[in-house]
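Student:
Chains as they are written, first to last, in this note's numbering: chain A, 1 to 381; chain B, 382 to 762; chain C, 763 to 1151; chain D, 1152 to 1540.
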């Protein structure tokens, strides 16, 4: 069966701004919203958009991510000859193939894409939280007969200089690209979502590689090269919730926004579901001492304390007289008794012992790392 | 659940002695016996020995191999929390992690093994053809309280200098290891099958790495270091069919041996099955012009010619008046009319056009590479 | 491509004339062409149309069917993310619903629930007795182009292609060009020798399906293609016929089942049925290649993997794990899985069901019109005795 | 570890006293503890023992069970490489086999085929009505240590832990120390207030199973634990009792079903049933976390994912996709999947089956001994009317 579209999710980045949360795992594998990992949003968008062939390019600490993605069956991608394929560095008769940038990662995996022989390649980032129908964007790409369509969203003018912005003409054709400009000519920020017509992109990647021209990054090299050659590049505007959760503060605030039952993402919408790999665990047990308000709790939790405006991911234990407020607790964290947690992120499997405190502010979120232990007495350990 | 034993199949090698057969695919992914790939034997041995946790270390051209192995479900490994996990080079905060040798590949994947927290690690090669019950070898390892047990098999004394041989005392304890010695002290050749007690091996790998001592290869570095430290190393003797198919001649002769209905491997034995990933294909169609003698044919074949003492893998087409003798034809090869093939290996998807010849000798097997085209007229292509 | 169809497979077929092959299995589970079962063909059509789910209405316990289908993953019908095979046992459906009041209650409800919950625009209704290779995407495009209320698949056939006492029907075309259908006639009432066989395969919108379902419930009628054509014609709505031109065999008795298997030895028929965007999919089983010994003589035959063949096989189909000894002679026959043919046995125009043992020197000879059928687990002795287990 | 057991699950249970919950499902499919079905418990025991396959003997069509089990992959019972769930519908088994002669024929054969083909040393027979957490590996070791012919699982219970008209039986222990069994007595005939409840779970060698199967067939008797104990005692062979000391509830009527759910709100019971080498496994479903609103008041309750809770929930169990509006009050109740409780509704001692709609201001109050049960798809109105779909 001919595959019309292959999606490549670039999930190789370390996400070093997430500090101790990404020491052992890649950023796209970081938990989100109680029941998810960040990459679930891109994978679910693919599944819901009817794109079943997905390459997930991983490189940095991939064990958790690879185990999570598997063959894509959790997202229904493994049907009809499709599936998720993990693409990691490898060697060949030409030598070792590490991935040096977004475009270079695609270049190194040309064999994979050519196997599928697609007309279009959708390039996605594995670390954004949003719901988007790529099929509509693809329809637009076809309609414009574009060689590249870039997903953009309007941002406030004052923020535009923090983004790569796209200046367009009246027909939405992109005429200039500015990476983090001092004087932005447009407020249309690139979302890092690209649809390329594959044969053309392949030609650029292979030709420039053979001429030793740098073609490692889509924003820095490929788009400028396309612009220089007057390729038909169009901007496709997205309106809706979209968030890059690249920092501790943005990860925290995205979780707090997610708590709102009227949130734009509408996680309970059955027509556009966000899928994930579900663990086998027990029901949620809220004891008679539990107090839970304006919070999300996930299967496997045992709650004897007080939870205010917080998210508990699966298998979190909260002891008596502990109070958790405005916080996001990742899976398998254990929180003892008389603990106070506020404006914090608690990493997977972290252990916060009795009587400990973990209190941050909106501008300086408190963090317990992956498996970190906080509080407790040495003779107890 | 605690995992007692993890198997690590080293499947990263290029197998350059297989020439054009391994240009695009890794040696363990090379087809064998009509319905198999070489790695199926090691994977099936794991499944039949009750070892469900298998790391498959890949590095060289891994696409076909990874797709074949998947999560191990074809071998029933994905049950009971086990499964096959593909382990490829990756990066971490410590930098890029390519695999420089057999022991180094295990060192780079310590995190994976530690996740499973096993007592024992079985180290296997992905490119040997044999049936072996690793559980019996493990029982022996436990019984001897060994820190390392090496699978060995007796070879004729005159061949011993081509192998790594193990000199043992009366209790089968290994007292000396000779790598391809001119004057072998033993005819017990190492099969490249090791059972290590994991905590001890980990200690050797980590300590020596931190001291910058070379510990890249099991044969060259780890076993000598174990011997120097008087670790308890035992030899476990295997008797039965075992073949390293590292050269074109050995790959060919292993296939020819496999044709024998009384072959030691006993491929039809339902108590020790060799599993593989089965393609979806049609029945075998032998037309009225077909003549088939002493041959194995696989589903999806269409045969209008003459097949003598040969193996046709799945989806091979053989046109009228073509004669194939003493040959191994890999999947999806297309053989036209009036073709003569003798003492040859035809690679996956190769196309032998009408009237072509591909004739080798026992010492110089003829080979058509992966996807290679032979014969035909330019105006027909 | 996104899923667009909610398929409903009515697997309650006429099985009496297929006994003993249908003693323990529905028509949908009948083995076919060495490696398949009949259900694989509609399921593969669904796979090619990228359907996510299917509802199966079966009679009896259906366990042979469940054991073949399992999760449906072979045909892309299984997924954690929505989709799946939903099975509904209607025991004997409306025919004797009085006897099965317990199930009756859910007959309409099960259809309703499946269709309302499926994320799809269209409902496709089909069965398993019309062995064919229907491209559902083409059918859907035709349906959309015609802006049809319901579209039914037919094939032009000659009377002699069907069983003489066939229970199926023909479609009357109003205007040949336009393909609109004006009625349905039982084949016994058709005068012409060539007619448009109603393949009882239909596409219609979800909304129309639910309308007709409601009408069927009100009138206590079966949910099937013929009733739905009737509803549509009664309402003055458009009914179009979509012509199918590929291989077709209606599996309605032993003879048609035998012929369908034998047809596969003809390359044109084989290609018509098996040539698809994707191969026909069946549940994969681990197997070894088939070994043909030095004494084997094969002429125009098909085999599955896992056989050992030392004898002569002509114009026959041989399923998995069959052993054929030296000097055994098999001609014009169907040998199913796990059977064993000993030395010197002679079989012509024979169907062996699974796991039949033919002893040394035994002879069985039927005719092309009336092949001998040996039921599952039978033993055939040289003295001519047949022992059924 | 290699597979050592061939499990046979007899899922033909007494279901009349569990109506209306068993109207459309067998006992094995009854929902339990917010996320599970009863079959998950024996299946998880099999998973922990690393069984590769299981044979299920069911009555009726069993489709609710198939839809839950699918390929069995959740419990490691599916694999391309041998193994799998083999289902056999015995309709009503021996009880009225006369009426079902068609199936009767295969009753012994299906057991025989499954056990002979399974790669295993032992056969384990169990059911789904004894809700418990049996460690099959320990049972197997006990059986091996005792060198027993057959080993049966029992638990010491008080009479009041069972339904007053229970149909189950007690085991008579010969020697308390040695655990050998001297007989089986119906509980109605037991004089003591505390006795050894026969949990109808047995392990025996493949060979012994096949011997007893043959005896059962000769005598036209059922294949079950009690008959097999009898065979063993008659032959003078050793029968040992393996004492189970964990949580147990026999699900035999609405009251015991209700109590079992409520028992889960006690941490000791919860841990006894759920603490295993691996968690209890059930078919996973994609879901969102449960949201508890600002007005929610929760006290000692369990929930599954995917709920939205704005009201008060005390001492209750709430299954998936339930909505509980502000000012609704739920106490001592079981609310199954997809139900919706509107504002101001009041429920106490109530079981709502799936997809029940409780309208604004409706009140339902049962008692702990006699909870009110609303069947699937019911609607409860404020005026007290209950409409069953």
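Yeah, the Cβ is synthetic: ideal placement off N, Cα and C, and Gly gets one too. As the structure is a prediction and not an experimental result, all values here were calculated from the model.
Kindly indicate which residue of 905/C, 975/C, 784/C, 1070/C has the alpha-carbon position closest to the one of residue 1056/C.
Tutor: Within the third chain, the letter at position 294 stands for residue 1056/C. If we check each option's Cα against that of residue 1056/C, 1070/C comes out closest.
Student: If we define contact as Cβ-Cβ less than 8 Å, is residue 80/A a contact residue for chain C?
Tutor: The residue given as residue 80/A occupies position 80 in the first chain. Interface residue, yes.
Student: Quick one: give me the first and last residue of the beta strand (DSSP E) that residue 1394/D is part of.
Tutor: On the fourth chain, residue 1394/D is found 243 positions in, with the first residue counted as 1. Where residue 1394/D is concerned, the enclosing beta strand (DSSP E) stretches over 1390-1394.
Student: Do the CB positions of residue 179/A and residue 164/A come within less than 8 Å of each other?
Tutor: Indexing the first chain from 1 puts residue 179/A at position 179. Indexing the first chain from 1 puts residue 164/A at position 164. Taking 8 Å as the Cβ cut-off, residue 179/A and residue 164/A qualify as a contacting pair.
Student: Please classify residue 799/C: is it buried, with 16 or more other beta-carbons within 10 angstroms of its beta-carbon, or exposed?
Tutor: For the purposes of this step, residue 799/C is taken as residue 37 along the third chain, with counting starting at 1. Its Cβ being crowded by 16 or more others within 10 Å, residue 799/C is buried.
Student: Measure from the alpha carbon of residue 1237/D to the alpha carbon of each residue in 832/C, 803/C, 1103/C, then state which is nearest.
Tutor: In the fourth chain, residue 1237/D corresponds to position 86, counting from 1. Comparing Cα positions, the closest option is 832/C.
Student: Using only CA atoms, which one of 456/B, 404/B, 695/B lies nearest to residue 420/B?
Tutor: By 1-based counting over the second chain, the position of residue 420/B is 39. The shortest C-alpha separation from residue 420/B is found at 456/B.
Student: Is DSSP giving residue 982/C helix, strand or coil here?
Tutor: As a first step, residue 982/C is located in the third chain; it is residue number 220 there, counting from the start. DSSP places residue 982/C in coil when its eight states are reduced to three.
Student: Is the Cβ of residue 1147/C closer than 8 Å to any Cβ of chain A?
Tutor: Here residue 1147/C refers to the residue found at position 385 of the third chain. Taking Cβ atoms only, chain A never reaches closer than 8 Å to residue 1147/C, which makes this a no.
Student: Taking only beta-carbon positions, decide if residue 1201/D is within less than 8 Å of chain A.
Tutor: Within the fourth chain, residue 1201/D is the residue found at index 50, counting from 1. No, no contact with chain A.
Student: For the alpha helix (DSSP H) containing residue 39/A, list its first residue and its last residue.
Tutor: Residue mapping note: residue 39/A aligns to position 39 of the first chain, counting from 1. Its alpha helix (DSSP H) spans residues 39-48.
Student: With a threshold of 16 other CB atoms inside 10 Å of the CB of residue 1130/C, please say whether the residue is buried or exposed.
Tutor: The count along the third chain starts at 1 and reaches residue 1130/C at position 368. Counting Cβ neighbours within 10 Å, residue 1130/C comes out exposed, since fewer than 16 surround it.
Student: Which of the three DSSP states is assigned to residue 932/C in this structure?
Tutor: Reading the third chain from its first residue, position 170 is the one you call residue 932/C. DSSP places residue 932/C in strand when its eight states are reduced to three.
Student: Run down chain C in chain order and give the residues with a C-beta less than 7 Å from the C-beta of residue 678/B.
Tutor: The residue you call residue 678/B lines up with position 297 of the second chain. Simply 1051, 1052, 1054.
Student: Which word fits residue 522/B, buried or exposed, when buried means at least 16 other C-beta atoms lie within 10 angstroms of its C-beta?
Tutor: To locate residue 522/B, count along the second chain from 1; it is residue 141. Label assigned to residue 522/B: buried.
Student: Quick one: complete beta strand (DSSP E) runs, 3+ long, within the region 713-737 of chain B?
Tutor: Counting whole runs of 3 or more residues, the region 713-737 of chain B contains the beta strand (DSSP E) stretches 721-723, 725-727.
Student: Taking DSSP's pairing of strands, which residues face residue 917/C in a bridge?
Tutor: For this step, residue 917/C is matched to residue 155 along the third chain. Beta-bridge pairing links residue 917/C to 959/C.
Student: Using a cut-off of 9 Å between C-beta atoms, extract the partners of residue 548/B located in chain C.
Tutor: In the second chain, residue 548/B corresponds to position 167, counting from 1. The premise fails here: residue 548/B is roughly 39 Å from chain C at the closest Cβ pair, so nothing lies under 9 Å.
Student: What's the gap between the Cα of residue 786/C and the Cα of residue 197/A?
Tutor: The residue given as residue 786/C occupies position 24 in the third chain. The residue given as residue 197/A occupies position 197 in the first chain. Roughly 54 Å between the two C-alpha positions.
Student: Taking the alpha helix (DSSP H) that residue 631/B falls in, what are its first and last residues?
Tutor: As a working note, residue 631/B is residue 250 in the second chain. Taken as a continuous stretch (DSSP letters only), the alpha helix (DSSP H) holding residue 631/B covers 629-639.
Student: Hey, could you find the ends of the beta strand (DSSP E) residue 1482/D is sitting in?
Tutor: Within the fourth chain, the letter at position 331 stands for residue 1482/D. First-last of the beta strand (DSSP E) with residue 1482/D: 1480-1482.
Student: Please list, in chain order, the chain B residues whose beta carbon lies closer than 9 Å to that of residue 880/C.
Tutor: Taking the third chain and counting its residues from 1, one reaches residue 880/C at position 118. Result: empty, since nearest Cβ-Cβ is about 26 Å, beyond 9 Å.
Student: So with CB distances below 8 Å, who are the chain B contacts of residue 1066/C?
Tutor: Taking the third chain and counting its residues from 1, one reaches residue 1066/C at position 304. Within chain B, the residues near residue 1066/C are 664, 665, 680.
Student: Does residue 460/B pass the burial test, meaning 16 or more other C-beta atoms within 10 Å, or should it be called exposed?
Tutor: Position 79 of the second chain, counted from the start, is the residue given in the question as residue 460/B. Flag for residue 460/B reads buried.
Student: Which value, in whole angstroms, describes the spacing of the CA atoms of residue 251/A and residue 992/C?
Tutor: As a first step, residue 251/A is located in the first chain; it is residue number 251 there, counting from the start. As a first step, residue 992/C is located in the third chain; it is residue number 230 there, counting from the start. Rounded to the nearest angstrom, the two C-alpha atoms are 60 Å apart.
Student: Determine the direct distance from the alpha carbon of residue 1067/C to that of residue 1049/C, and round the result to whole angstroms.
Tutor: The count along the third chain starts at 1 and reaches residue 1049/C at position 287. The count along the third chain starts at 1 and reaches residue 1067/C at position 305. Using only the alpha carbons, I get a separation of about 6 Å.
Student: Count Cβ pairs between the region 425-432 of chain B and the region 53-60 of chain A that sit closer than 8 Å; are there 3 or more?
Tutor: No contact exists between the region 425-432 of chain B and the region 53-60 of chain A.
Student: Among residues of its own chain, excluding the 5 on either side of residue 1489/D, which ones have a beta-carbon nearer than 6 Å to its beta-carbon?
Tutor: Sequence index remark: in the fourth chain, residue 1489/D carries index 338 (1-based). Counting only Cβ-Cβ distances below 6 Å, and skipping sequence neighbours, we find 1472, 1505, 1506.
Student: Taking DSSP as the reference, what is the three-state secondary structure of residue 480/B?
Tutor: By one-based count along the second chain, residue 480/B stands at place 99. Coil.
Student: Would you decide whether residue 1146/C is buried or exposed? Buried here means 16 or more other CB atoms lie within 10 Å of its CB.
Tutor: Counting from 1 along the third chain, the entry for residue 1146/C is found at position 384. So residue 1146/C counts as exposed.
Student: Express the C-alpha separation of residue 1134/C and residue 1111/C in angstroms, rounding to a whole number.
Tutor: Taking the third chain and counting its residues from 1, one reaches residue 1111/C at position 349. Taking the third chain and counting its residues from 1, one reaches residue 1134/C at position 372. Between residue 1111/C and residue 1134/C, the C-alpha separation is close to 7 Å.
Student: Would you say residue 1041/C lies against chain B (beta-carbon separation less than 8 Å)?
Tutor: Against the third chain, residue 1041/C aligns to sequence position 279. For residue 1041/C, the answer is yes, since a Cβ of chain B falls inside 8 Å of its Cβ.
Student: Closer than 7 Å between beta carbons: that is the criterion. Which residues of the region 254-272 of chain A meet it against chain D?
Tutor: So the list reads 261, 267, 268, given in the order they occur along the chain.
Student: Assuming residue 387/B and residue 497/B are in contact, meaning their beta carbons sit under 8 Å apart, how far apart are those beta carbons, in whole angstroms?
Tutor: Mapped onto the second chain, residue 387/B falls at position 6. Mapped onto the second chain, residue 497/B falls at position 116. That pair is a contact at about 5 Å.
Student: With residue 905/C as the anchor, note down where its beta strand (DSSP E) starts and where it stops.
Tutor: Along the third chain, one-based indexing puts residue 905/C at 143. It is not in any beta strand (DSSP E) - residue 905/C instead sits in the alpha helix (DSSP H) that spans 898-908.
Student: For residue 1512/D, would you say it is in contact with chain B, using Cβ-to-Cβ distances shorter than 8 Å as the test?
Tutor: Position 361 of the fourth chain, counted from the first residue, corresponds to residue 1512/D. Not one chain B Cβ lies under 8 Å of residue 1512/D.
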